[in-house]
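Novice: Mind looking over this structure? Questions follow.
There are 2 protein chains.
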Amino acid sequence: MDTQSLQAFLAVAESGSFSRAAEQLHLTQPAVSKRIAVLENQIDARLFDRIGRGISLTEAGRLLLPRARQILVMVDDSRRALGNLEGSVGGSLTLATSHHIGLHRLPPLLKAYTRAHPEVRLDLHFLDSEEAYQGVLDGSLEIAVVTLAPHPDPHLEVEPLWVDRLGFVCAHDHPLASRGRLDLHELCEFDAVLPGPLTFTRGLIEARFAAAGLRLPVALSTNYLETLKMMTAIGLGWSLLPERLVAGELHELTIDHPPIHRPLGYIVHRSRTLSNAARAMLAMLEAAREPFARAAGR
Amino acid sequence: MDTQSLQAFLAVAESGSFSRAAEQLHLTQPAVSKRIAVLENQIDARLFDRIGRGISLTEAGRLLLPRARQILVMVDDSRRALGNLEGSVGGSLTLATSHHIGLHRLPPLLKAYTRAHPEVRLDLHFLDSEEAYQGVLDGSLEIAVVTLAPHPDPHLEVEPLWVDRLGFVCAHDHPLASRGRLDLHELCEFDAVLPGPLTFTRGLIEARFAAAGLRLPVALSTNYLETLKMMTAIGLGWSLLPERLVAGELHELTIDHPPIHRPLGYIVHRSRTLSNAARAMLAMLEAAREPFARAAGR
DNA sequence: GCGAATGGAGACCGAAGGGCTCCTGGGCGG
DNA sequence: CCGCCCAGGAGCCCTTCGGTCTCCATTCGC
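If you read the sequences in order, they're chains A and B.
For what it's worth, numbering that gives the first Met the number 0 labels the leading residue of the first sequence as 0, then goes sequentially.
For what it's worth, numbering that gives the first Met the number 0 labels the leading residue of the second sequence as 0, then goes sequentially.
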């Protein structure tokens, strides 16, 4: 009972004649006869009574007719839906980001996106970068806009968009604030307030200190930069925060060390087909790319 | 986009693997690959992303999945409905009968039928026999239980069930009532009250008189035997009525003429498939057949 | 890091199906 | 009563579809 047979059945039922159904289907009449015969064999019942010149539906035919019509309409509908998919932006977009990016980078983008594509249901998740990476890998996320990992999974396509310069900061009344030029081991004399040990940003910092043969004196950590900033401001220790987050509320230390940057960008799965909604989002993200971010992030 | 492809698509989507889908469908894995490939070519979009070991749906796949499921459910449902048709009695039964039969022969049958098959919606029409014949011929009626025509259309299957012996009757105070043995031409001296000129019963009567070279002196006619009986009872003329209808209320004349019988029975279209509801009705009608009616009616 | 295992896809082949042409047969109208 | 219309059957051919074999990529274990 495939769509071909049902189509033949419908054509015959509606035209009231095998021959007319045939020309309507661009087939010959015997072909239509065969299709109906196949269908009748499958269901083990006659669908039409052949009476003289005309035909009429049997009870089985009357039973099948509305269902056949419904099935074919649905098939046609599916075909059309798939055809319209080409180019149309719709459906839902599952997107993950970090709190920091979601708060400081994405708002204007998301606003523009939802205005440009109101049919898209945005499914926005705030996740740690590691979870976001995993989500993109296993397909539960289409896009993640996060801190970029230093050695990303080869399955992932990683596009840097922005670079955060991380500044060493402390509260204005912190002992370090009164010092002049510092180097890393001097920092180690004081407690640090840093992102969680499994974050990429923490990894960046740890790497720098490890390279200098130092261990970080971390007093406490949290994954939310806003919280880190607050804890630093009340004097719990020094921290390393994006400079745009500090904005005078904290004292920025001058450290005798090359500046630390962290790349932010989006990741998508390399071999997964992106939805149109996702492609539109990527286009917007690309348009928001900072100059030189690409080179800096690589 | 036929049901086979959709089934393969659904199996792959649900099992998450071409191979598992294959064994589920009792096919080999390449066959499933091919079906999906055909489907993907038809809709000109990939349905699955093949990533390493596993697969995942693309946007097109996600769009198609619920529709495919719905379509297949509907196909399955149709198949089951057609399967259940075999043997199950339901739907509606369009049945025609004459007033006389409907009043005097069918009531117990209809009562038993509706009790045995409460799911059947009885669509009962009271029609003149000629209209009923036409209705069965053109398919607007499944069964007609009527006075049987002498020369039925060859498309019709005609089954005699009962025989009405028609008796010549008049009112007890009618001039004829006092006479003894009569012959046909004596009857012609008095007005008759008979069924309408186009009824089969009327035809039977006319034929007898015509064979004797007589013309019927019809005062008035109506198609309802009950009305004829009433009109006869009030003395408007003599009539020819089923003896079981008379039951002492009228005077039965003794006529020097072989008795007139009219066959009652059902007619169905010879080449039309009967619904189960109709077959069940026919079985009941056959069970109610009077002995010898079959022979007498032929 | 290399080999084995797993899973999908392509090449090829055989069988089946489905379409076409031609023809038959039954009904219906002239 | 003959011709026409229309459904169905026969034979033929090509397409399709499924199976086997094989390849290739990925992944997992050692």
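Ideal placement from N, C-alpha and C gives every residue a C-beta, glycine not left out.
Quick caveat: nothing in here was measured; it's all calculated off a predicted structure.
Any Cβ of chain A within less than 9 angstroms of the Cβ of residue 28 (chain B)?
Specialist: Taking the first residue of the second sequence as 1, we reach residue 28 (chain B) at position 29. No, residue 28 (chain B) does not count as interfacial toward chain A.
Novice: From residue 265 (chain A) to residue 144 (chain A), what does the alpha carbon distance come to, in whole angstroms?
Specialist: By 1-based counting over the first sequence, the position of residue 265 (chain A) is 266. By 1-based counting over the first sequence, the position of residue 144 (chain A) is 145. Cα-Cα distance, rounded: 4 angstroms.
Novice: Is DSSP giving residue 208 (chain A) helix, strand or coil here?
Specialist: Here residue 208 (chain A) refers to the residue found at position 209 when the first sequence is read from its first residue. Helix at residue 208 (chain A).
Novice: Quick one: is residue 128 (chain A) near chain B, going by C-beta distance under 9 angstroms?
Specialist: Within the first sequence, the letter at position 129 stands for residue 128 (chain A). Closer than 9 angstroms to the CB of residue 128 (chain A) there is not a single CB belonging to chain B.
Novice: Taking residue 192 (chain A) and residue 249 (chain A) to be in contact with their CB atoms under 8 angstroms, please state how far apart those CB atoms are, rounded to whole angstroms.
Specialist: Translated into positions along the first sequence, residue 192 (chain A) becomes position 193. Translated into positions along the first sequence, residue 249 (chain A) becomes position 250. Incorrect: roughly 11 angstroms between the Cβ atoms, too far for contact.
Novice: How far does the alpha helix (DSSP H) with residue 18 (chain B) in it extend, from its first residue to its last?
Specialist: By one-based count along the second sequence, residue 18 (chain B) stands at place 19. Where residue 18 (chain B) is concerned, the enclosing alpha helix (DSSP H) stretches over 17-23.
Novice: Just to make sure I have the definition right: I need the residues of chain A whose C-beta is within less than 7 angstroms of the C-beta of residue 18 (chain B). Which are they?
Specialist: Taking the second sequence and counting its residues from 1, one reaches residue 18 (chain B) at position 19. Those within 7 angstroms of residue 18 (chain B) in chain A number zero; the least Cβ separation is about 19 angstroms.
Novice: Please report the straight-line C-alpha distance between residue 24 (chain A) and residue 125 (chain A), rounded to a whole angstrom.
Specialist: Stepping through the first sequence from its first residue, residue 24 (chain A) is reached at position 25. Stepping through the first sequence from its first residue, residue 125 (chain A) is reached at position 126. For residue 24 (chain A) and residue 125 (chain A), the distance between alpha carbons rounds to 54 angstroms.
Novice: Would you list the residues sitting across from residue 267 (chain A) in a DSSP beta bridge?
Specialist: As a first step, residue 267 (chain A) is located in the first sequence; it is residue number 268 there, counting from the start. DSSP lists A:156 as partners of residue 267 (chain A).
Novice: Helix, strand or coil for residue 291 (chain A), going by three-state DSSP, please let me know.
Specialist: Locating residue 291 (chain A) in the first sequence gives position 292, counting from the first residue. Coil at residue 291 (chain A), not helix or strand.
Novice: Quick one: any contact between the stretch 57-77 of chain B and the stretch 109-121 of chain B, if contact means 3 or more CB pairs under 8 angstroms?
Specialist: no
Novice: For the candidate residues B:99, B:232, B:182, B:58, whose alpha-carbon lies nearest to that of residue 83 (chain A)?
Specialist: By one-based count along the first sequence, residue 83 (chain A) stands at place 84. With distances taken between Cα atoms, residue 83 (chain A) lies closest to B:58.
Novice: For chain A, check one thing: does any of its Cβ atoms lie closer than 9 angstroms to the Cβ of residue 249 (chain B)?
Specialist: Mapped onto the second sequence, residue 249 (chain B) falls at position 250. No, residue 249 (chain B) lies away from the interface with chain A (no Cβ there is under 9 angstroms from its Cβ).
Novice: Listing by chain order, which chain B residues have their CB less than 7 angstroms from the CB of residue 74 (chain A)?
Specialist: As a working note, residue 74 (chain A) is residue 75 in the first sequence. In chain order: 0, 70.
Novice: What is the DSSP secondary structure of residue 189 (chain B), counted as helix, strand or coil?
Specialist: Against the second sequence, residue 189 (chain B) aligns to sequence position 190. Looking at residue 189 (chain B) - three-state DSSP - the assignment turns out to be coil, as it is neither helix nor strand.
Novice: Between residue 3 (chain B) and chain A, is there a C-beta pair that is closer than 9 angstroms?
Specialist: Taking the second sequence and counting its residues from 1, the one referred to as residue 3 (chain B) is at position 4. At least one chain A Cβ lies under 9 angstroms of residue 3 (chain B).
Novice: If you drop the 5 nearest sequence neighbours on each side, which residues of the same chain put their C-beta closer than 6 angstroms to that of residue 10 (chain B)?
Specialist: Within the second sequence, residue 10 (chain B) is the residue found at index 11, counting from 1. So the qualifying residues of the chain are 20, 23, 24.
Novice: Taking the continuous beta strand (DSSP E) assigned at residue 72 (chain A), which residues delimit it?
Specialist: For the purposes of this step, residue 72 (chain A) is taken as the residue at position 73 of the first sequence. From DSSP, residue 72 (chain A) is part of no beta strand (DSSP E) but of the alpha helix (DSSP H) over 58-84.
Novice: When you compare each of A:216, A:175, A:179 to residue 194 (chain A) by their alpha carbons, which one comes out closest?
Specialist: Counting from one through the first sequence, the residue named residue 194 (chain A) turns up at place 195. Residue A:216 is the option with its Cα nearest to residue 194 (chain A).
Novice: Tell me which residues share the same chain as residue 246 (chain B) and place their Cβ nearer than 8 angstroms to its Cβ, disregarding the 5 neighbours each side in the sequence.
Specialist: Here residue 246 (chain B) corresponds to residue number 247 of the second sequence, with the count starting at 1. Closer than 8 angstroms at Cβ, skipping near neighbours: no residue.
Novice: Residue 15 (chain A) to residue 53 (chain A), Cα distance in whole Å?
Specialist: In the first sequence, the residue the question calls residue 15 (chain A) occupies position 16. In the first sequence, the residue the question calls residue 53 (chain A) occupies position 54. Taking the CA atoms as reference points, residue 15 (chain A) sits about 7 angstroms from residue 53 (chain A).
Novice: Using 10 angstroms around the beta-carbon of residue 157 (chain A), count the other beta-carbons present and answer buried if the total reaches 16, otherwise exposed.
Specialist: For this step, residue 157 (chain A) is matched to residue 158 along the first sequence. Under this definition residue 157 (chain A) is a buried residue.
Novice: Helix, strand or coil for residue 251 (chain A)? Go by DSSP, reduced to three states.
Specialist: Stepping through the first sequence from its first residue, residue 251 (chain A) is reached at position 252. Residue 251 (chain A): strand per DSSP, three-state reduction.
Novice: Note down the Cα distance separating residue 172 (chain A) from residue 234 (chain A), rounded to an integer number of angstroms.
Specialist: Taking the first sequence and counting its residues from 1, the one referred to as residue 172 (chain A) is at position 173. Taking the first sequence and counting its residues from 1, the one referred to as residue 234 (chain A) is at position 235. Going from the Cα of residue 172 (chain A) to the Cα of residue 234 (chain A) covers about 7 angstroms.
Novice: How many angstroms separate the CA atom of residue 279 (chain B) from the CA atom of residue 88 (chain B)?
Specialist: In the second sequence, residue 279 (chain B) corresponds to position 280, counting from 1. In the second sequence, residue 88 (chain B) corresponds to position 89, counting from 1. Roughly 8 angstroms separates the two Cα atoms.
Novice: In angstroms, rounded to a whole number, what distance separates the CA positions of residue 236 (chain B) and residue 170 (chain B)?
Specialist: Residue numbering aside, residue 236 (chain B) sits at position 237 when the second sequence is read from its first letter. Residue numbering aside, residue 170 (chain B) sits at position 171 when the second sequence is read from its first letter. Cα to Cα, the separation comes out at about 8 angstroms.
Novice: Residues of the stretch 56-69 of chain B in Cβ contact with chain A at a cutoff of 8 angstroms, in chain order, please.
Specialist: 57, 58, 59, 61, 62, 63, 66, 67, 69
Novice: Find the nearest neighbour of residue 140 (chain A) within the set A:151, A:123, A:146, judged by alpha-carbon distance.
Specialist: Sequence index remark: in the first sequence, residue 140 (chain A) carries index 141 (1-based). It is A:123 whose Cα lies nearest to the Cα of residue 140 (chain A).
Novice: May I have the straight-line CA-CA distance separating residue 42 (chain A) from residue 81 (chain B), to the nearest angstrom?
Specialist: Looking up residue 42 (chain A) in the first sequence gives position 43. Looking up residue 81 (chain B) in the second sequence gives position 82. Rounded to whole angstroms, residue 42 (chain A) to residue 81 (chain B) spans 7 angstroms at the Cα level.
Novice: Any Cβ of chain B within less than 9 angstroms of the Cβ of residue 34 (chain A)?
Specialist: The residue given as residue 34 (chain A) occupies position 35 in the first sequence. False, the Cβ-Cβ gap to chain B never drops below 9 angstroms.
Novice: Hey, how far is the Cα of residue 175 (chain A) from the Cα of residue 219 (chain A)?
Specialist: Here residue 175 (chain A) refers to the residue found at position 176 when the first sequence is read from its first residue. Here residue 219 (chain A) refers to the residue found at position 220 when the first sequence is read from its first residue. Whole-angstrom Cα-Cα distance: 18 angstroms.
Novice: My assumption, with CB atoms under 8 angstroms, is that residue 164 (chain A) sits in contact with residue 257 (chain A). Please give the rounded CB distance.
Specialist: Working through the first sequence from its first residue, we reach residue 164 (chain A) at position 165. Working through the first sequence from its first residue, we reach residue 257 (chain A) at position 258. Rounded, the Cβ-Cβ distance is 11 angstroms, inconsistent with contact.
Novice: Can you list, in chain order, the residues of its chain with a C-beta nearer than 6 angstroms to that of residue 260 (chain A)? Leave out the 5 residues immediately preceding and following it.
Specialist: Residue mapping note: residue 260 (chain A) aligns to position 261 of the first sequence, counting from 1. Only 162, 164 meet the Cβ criterion.
Novice: If we define contact as Cβ-Cβ less than 9 angstroms, is residue 272 (chain B) a contact residue for chain A?
Specialist: For the purposes of this step, residue 272 (chain B) is identified with residue 273 of the second sequence, where counting begins at 1. So yes, residue 272 (chain B) belongs to the interface.
Novice: Since residue 288 (chain A) meets chain B, which of its residues come closer than 7 angstroms, beta carbon to beta carbon?
Specialist: Translated into positions along the first sequence, residue 288 (chain A) becomes position 289. The contacting residues do not exist; residue 288 (chain A) stays about 25 angstroms from chain B at best.
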